[in-house]
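Below is one structure, written out as structure tokens, with a few remarks after it.
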Amino acid sequence: MRKEYDAVVVGAGPGGSVAARELAKQGFSVLLLEKRERVGYPVRCGEASTTFEDLQNFGPIPEECIESNINGLFVYGPDNTKIDYYKKNVGVMLNREKFDPCLAELAVKDGAELHTFARASAVSAVENGKRTVTIVTASGTENVKTKVVVGADGVESLIGRMAGIPSGQKPKLTCCGVDIKVEGILTNPEYLTFWQGHDWINDGYIWSFPKVRSNTTNFGAGFLIPSKEGPSILEVTLDWLQKLFPNAKILGTVGGVIPVSGNLENYVLDSLVLVGDAAHHTNPLTGGGISAAMRAGRHAAQVIGEGLRSNNLSSEFLKKYESLVEADFGKSHQKQLKFRRFLLEQNKKDQVDTYHVLNAALGKDGKKLDLLTHPLRTLRVISAYRKFK
Ligand SMILES: Cc1cc2nc3c(=O)[nH]c(=O)nc-3n(C[C@H](O)[C@H](O)[C@H](O)COP(=O)(O)OP(=O)(O)OC[C@H]3O[C@@H](n4cnc5c(N)ncnc54)[C@H](O)[C@@H]3O)c2cc1C
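Per my numbering, residue 3 is the first one in the sequence shown, and the count goes up by one each step.
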């Protein structure tokens, strides 16, 4: 490691690798730090993501990173109601064990310096326009100076908190999730399948995501951290797996937390920005955060690049990054948050109505007629949502 870099990026997840690459492409010296021995491993994710075309904007992404193409969503709701939403190429299933290293390699190819087994353990205040990052490696501790720190250190982010951003997770706005890797394909291989609502998990959902290339399924569950004692998320997930697919052969289990608060209000300071889960960039309805982290990484690199060139990395200037994120997905995440709250506050009967209306609205043309055949139900759901908003 050198003694000084233009930028130090902490965390080689999707957000950090994209930020590091985009900065390196502009000709800046970039240090990318990953505390784990292997980038992307172990995978703590359901691995469903955006379309192949979207991903290629951050590529080239080789085919082997893609497990399968997704052409629709199937949601089992309360009282056997369901939503069957067909949309060709709506997303893909990733193999993050391959995808995350691929993004990090692209960053390295474009000039970033990647160190694994290198944990950022402290970030100093700004002194003479620079911060010092303390890095613990297998061979000892080093101090590196930098004009800007990008905290892309995921949901357990400490970088923000070390520097003074209250980025910790609040129980009511955080989901705990478990993903169980199961042998074979459990549900429709072209669909993401969910179970949600009063008969299933109300303040979250159960998922079954098919990985066709490796002939496995990611079966998992996530719900808001409960306020009172009860079975653990692992117990709940295993229980549902047993009920739904009693013969499922479990290959492995991972767990983690997911911020579902909507973006943090402020996630820049002088010479420091947060990216991805560290800034709570996950979608508060679905919990998906891979694509948002990459988009945020790119926005951060664009603004930091301008700041480095004009020698202005003040928080006022870096706020431009927050504005870009807000316009890109911040506003839509706020809407998703409202929609989640709307769903959670409904009783079972209202939820059933909502499922019927959503199924008709999202379905193919034939199903849309249902909205007209049941006009009162449709109006009731629309007006309830309007009132809620
Ligand atoms: C159970 C579960 C299921 C999920 N399913 C999906 C899904 O299906 N689709 C989806 O889009 N999202 C899903 N997510 C969310 C998704 O995994 C995250 O939103 C995404 O990984 C965020 O990317 P990131 O780059 O911000 O952070 P991360 O991918 O978490 O990367 C952060 C990196 O920083 C490293 N790091 C942390 N601290 C330090 C340090 N001090 N020094 C050096 N390195 C450090 C970590 O080791 C890690 O590699 C799921 C999450 C969970 C827990």
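Backbone N, C-alpha and C define an ideal beta-carbon position, used for all residues, glycine too.
Computed from a prediction, not measured in an experiment: that's the story for all the values here.
Looking at the backbone, the Cα of K391 and that of L345 are separated by about 12 Å. In the structure shown, F76 falls within a strand segment according to DSSP collapsed to helix, strand and coil. Contact fails between the segment 77-87 and the segment 46-66, because fewer than three Cβ pairs, one in each stretch, are under 8 Å apart. By the neighbour-count definition (other C-beta atoms within 10 Å, threshold 16), Q353 is a buried residue.
Under the 10 Å beta carbon count, K245 is surrounded by fewer than 16 other beta carbons and is classified as exposed. Collapsing the DSSP output to three states places V305 in a helix. CA-CA distance, K369 to F247, rounds to 29 Å.
Put simply, the backbone Cα of A122 is about 49 Å away from that of V359. DSSP places E24 outside any beta strand (DSSP E); the residue lies instead in the alpha helix (DSSP H), whose first and last residues are P16 to K27.
Listed as beta-bridge partners of Y7 by DSSP are T148. Beta-bridge analysis with DSSP links F225 to C178 and G206. By DSSP's assignment, M95 forms a beta bridge with A50 and S70.
Distance from the CA of Y193 to the CA of V94, rounded to the nearest whole angstrom, comes to 10 Å. Annotation for T143: S123, T136 and I137 place their beta carbon closer than 8 Å to its own, counting only its chain and skipping 5 residues before and after.
DSSP places H335 outside any beta strand (DSSP E); the residue lies instead in the alpha helix (DSSP H), whose first and last residues are K333 to E347. Counting only runs of 3+ residues, the beta strand (DSSP E) found wholly inside the segment 255-310 occupies 274-276, in chain order.
Set against 6 Å, the gap from the CB of I292 to the closest heavy atom of ligand 1 is smaller. In the DSSP assignment, R388 falls within the unbroken alpha helix (DSSP H) covering P377 to F390. When secondary structure is reduced to three states using DSSP, A122 falls in the strand class. S19 places its beta carbon less than 7 Å from that of A106. Assigned with DSSP and collapsed to three states, Y87 falls in strand. Taking 7 Å as the cut-off, the beta carbon of A22 is found no closer than this to the beta carbon of A165. The straight-line gap separating the alpha-carbon atoms of N204 and P64 is approximately 37 Å. If you ignore the 5 residues before and after P286, its C-beta comes within less than 7 Å of the C-beta of V262, S263, G264, H335, Q338, L339 and R342, all in its own chain and listed in chain order.
The criterion of a C-beta distance shorter than 7 Å is satisfied by V45 and E99. The alpha carbon of G224 has as its nearest neighbour, out of I208, K322, S216 and V214, the alpha carbon of I208.
In the three-state reduction of the DSSP assignment, V327 falls in the helix class. In the structure shown, N220 falls within a strand segment according to DSSP collapsed to helix, strand and coil. Pairwise C-beta distances place the segment 179-191 in contact with the segment 249-257, as three or more of them are shorter than 8 Å. Put simply, the backbone Cα of L240 is about 12 Å away from that of N249. Rounded to the nearest angstrom, the gap between the Cα atoms of L243 and L315 is 50 Å.
According to DSSP, residue pairing for Y193 in a beta bridge involves G74. By the neighbour-count definition (other C-beta atoms within 10 Å, threshold 16), R297 is a buried residue.
With contacts defined by Cβ atoms closer than 7 Å, P173 and I227 form a contacting pair. Cβ contact annotation for V128 (same chain, cutoff 7 Å, sequence separation greater than five): D272 and S273, in chain order.
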